[in-house]
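There are 2 protein chains.
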Amino acid sequence: MTISKNEIKFIKSLSQKKFREQYSLFVVEGEKLVQEALNSRFNVRNLYKIDDIGEDNMAKISNLATPSPALAVVEMPEPTSIEEISEIIDQHPLALGLDAVRDPGNLGTILRIADWFGVDVIFASKDCVDIYNPKALQATMGAIFRKRVIYSDLGEICDKFRGAGLQVYGTFLDGQIIHNQTLTKDGLIVMGNEANGISKEIERKVTSKLFIPSYTKDGSTSESLNVAIATAITCYEFRRQ
Amino acid sequence: MTISKNEIKFIKSLSQKKFREQYSLFVVEGEKLVQEALNSRFNVRNLYKIDDIGEDNMAKISNLATPSPALAVVEMPEPTSIEEISEIIDQHPLALGLDAVRDPGNLGTILRIADWFGVDVIFASKDCVDIYNPKALQATMGAIFRKRVIYSDLGEICDKFRGAGLQVYGTFLDGQIIHNQTLTKDGLIVMGNEANGISKEIERKVTSKLFIPSYTKDGSTSESLNVAIATAITCYEFRRQ
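Taken in order, these protein sequences are the chains called U and G.
Be aware that the first sequence starts at 1, since it is given in my numbering, and climbs by one per residue.
Be aware that the second sequence starts at 242, since it is given in my numbering, and climbs by one per residue.
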């Protein structure tokens, strides 16, 4: 197998969100991630191996500093329809809602955490970073192929959860200490933006405000927890109860 | 104030561990981090502001893609003596022990987590990444100035904790579910290397093996949690009980 100049150019273009969206395709790299793509419900459109196309060509199509032995062009799943979203919520899941999470590494790590804690659906506001961003994909460690990430209006998603009689949780500095609250087995757990936390619009829709307490002795820290760390602790507490 | 060529060369050299160790100096950047250095018990040897030395010179001495308005050269604290280590352990702290944590971002994030959960002493094995590495420092978000990081033989540290009648905890895939265990208010919590976990040598010294359970429904995930995430959940559970 060889690879044409046009093919190289096309694959490279998929490092940009606008082209990923235009073609509904994304790129995964690394033997493990490529293998997980092949074993998943996702369709692999094309598979490139360094043994077939050569090191130079792999370096040209790769987003990695050190190109890996395999690269796959993968079809994005069909967008989830409003009816499907309603069906999902009617099944009373425990789901994550992400409000403007901007860092690709954080988003990918959150999927990896969701994978560990068996949280299968992640609703992302439209101003979250793209999960098909190469850095985000890499950080999922393959969880992308097992989770459902749905980009939609997060306010409407909150309304749907409430309409189904479910709780909408969020972490806030003025929330109730998380382990003193009775947490339900279902509902939406909203996590906020790295710098600004949960937006005012979404805050108004939250039915239960939670807080992960700090144990600094003298209150000397003004720091918050990173959003991925806060997600992990929150998911842990939901599953622990 | 100006800055000489030799000074620029000297500051740049501090991005390398061997020169940091030779001069017992390290560099912090960013207004917030520099301010925290100035307010801390650490001695700031030199302070460089972009207003004084100019953008071009700041770009020359900076490790950041976008140089910040301020950079400080800070003196490392004196190494902690064996007697001081014994005194610390005699006070029955809850401490972290890091076994070959190699990623600077992970190490920095672990300090940030320790800060949140009021864990003041971190024992790092000598093959852990250097906490004064620029990326590690940046990831601490200032926690470096409030925590005590002690590089030493981690096996000996485990022995000292045990000798003081304290537990040595570690997370393992064959450990006991962490929230079903009675955790003490003091002791050493060992976290392992990113790829290999806790080494055999240290495992033999662990008195209580813990496990953070996964809730994946079909056991489809082979992934572990990132070491910083596992540290956060473990510290959370210790403080929660």
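Yeah, the Cβ is synthetic: ideal placement off N, Cα and C, and Gly gets one too.
When the Cα atoms are used, G:Cys399 and U:Ser81 turn out to be separated by approximately 55 Å. Closer than 8 Å to the CB of G:Leu466 there is at least one CB belonging to chain U.
Of the candidates G:Pro308, G:Leu288 and G:Asn287, G:Pro308 places its Cα closest to the Cα of G:Asp297. One thing to note: G:Val468 has its Cβ no nearer than 8 Å to the Cβ of G:Gly428. In this structure, U:Leu98 is the residue among U:Arg239, U:Leu98 and U:Trp116 with its C-alpha nearest to the C-alpha of U:Val206. At least one CB atom of chain U sits nearer than 8 Å to the CB of G:Ala473. Contact residues of the segment 116-128 of chain U toward chain G are Trp116, Phe117, Gly118, Val119 and Asp120 (C-beta to C-beta distance below 9 Å). At a cut-off of 8 Å between beta carbons, G:Arg480 contacts chain U. At a cut-off of 8 Å, the C-beta of U:Ile229 has a neighbouring C-beta in chain G. Within the segment 153-185 of chain U, contact with chain G at the beta-carbon level (separation under 8 Å) is assigned to His179. U:Glu83 is the residue among U:Glu83, U:Gln176, U:Phe19 and U:Tyr23 whose C-alpha sits nearest the C-alpha of U:Ser152. The secondary-structure analysis by DSSP pairs G:Glu325 with nothing; it has no beta-bridge partner.
Residue state for U:Met76 is assigned as coil, using DSSP reduced to three classes. Distance check between U:Ala37 and each of U:Gln138, U:Ser214 and U:Asn106 places U:Gln138 closest, using alpha-carbon atoms only. The shortest CA-to-CA distance from G:Glu270 to any of G:Asp344, G:Lys246 and G:Ala300 is the one to G:Ala300.
Counting every other CB atom within 10 Å of its CB across the protein chains shown gives G:Ala306 a total below 16, marking it as exposed. In the pairwise beta carbon analysis, the segment 381-397 of chain G is classified as touching the segment 345-353 of chain G: at least three pairs are separated by under 8 Å. With 16 or more other Cβ atoms from the protein chains shown falling within 10 Å of its own Cβ, U:Ala100 counts as buried. Between the beta-carbon of U:Lys160 and that of U:Ile85 there is about 7 Å, and that keeps the pair under the 8 Å contact cut. C-alpha of G:Leu466 to C-alpha of G:Glu444: approximately 19 Å in a straight line. In the three-state scheme derived from DSSP, where H, G and I count as helix and E and B as strand, G:Thr475 is classed as helix. Contact annotation: G:Tyr410 and G:Leu348 have beta-carbon atoms that are not nearer than 8 Å.
Between U:Phe117 and U:Tyr23, the C-beta gap is not smaller than 8 Å, which leaves the two residues out of contact. Among the residues of the segment 195-216 of chain U, those with a Cβ less than 9 Å away from any Cβ of chain G are Ile212, Pro213, Ser214, Tyr215 and Thr216, in the order of the chain. Of all residues in the segment 330-361 of chain G, those with a C-beta nearer than 9 Å to a C-beta of chain U are Gly346, Thr350, Arg353, Ile354, Asp356, Trp357, Phe358, Gly359, Val360 and Asp361, reading in chain order.
U:Ile89 and U:Ala164 have their alpha carbons spaced roughly 7 Å apart. Counting the other Cβ atoms within 10 Å of the Cβ of G:Ser245 gives fewer than 16, which makes it exposed. Flagged as an interface residue toward chain U: G:Tyr477, by a C-beta distance shorter than 8 Å.
Across the set U:Thr184, U:Gln176 and U:Gly155, the C-alpha of U:Gly155 shows the shortest separation from the C-alpha of U:Glu201. Under the rule that a run must span 4 or more residues, the alpha helix (DSSP H) segments found entirely inside the segment 128-200 of chain U read 134-140 and 154-163. The alpha-carbon separation between G:Pro320 and U:Glu21 amounts to approximately 54 Å.
The segment 99-128 of chain U is shown to contain whole alpha helix (DSSP H) runs of 4 or more residues at 104-116, in chain order. Taking a 10 Å sphere around the C-beta of U:Leu183, we find 16 or more other C-beta atoms and assign the residue as buried.
If you look at U:Ser208, you'll find it in the beta strand (DSSP E) that goes Ser208 to Phe211. Cβ-Cβ separation between G:Met317 and G:Phe260: approximately 12 Å, too far for a contact (criterion under 8 Å).
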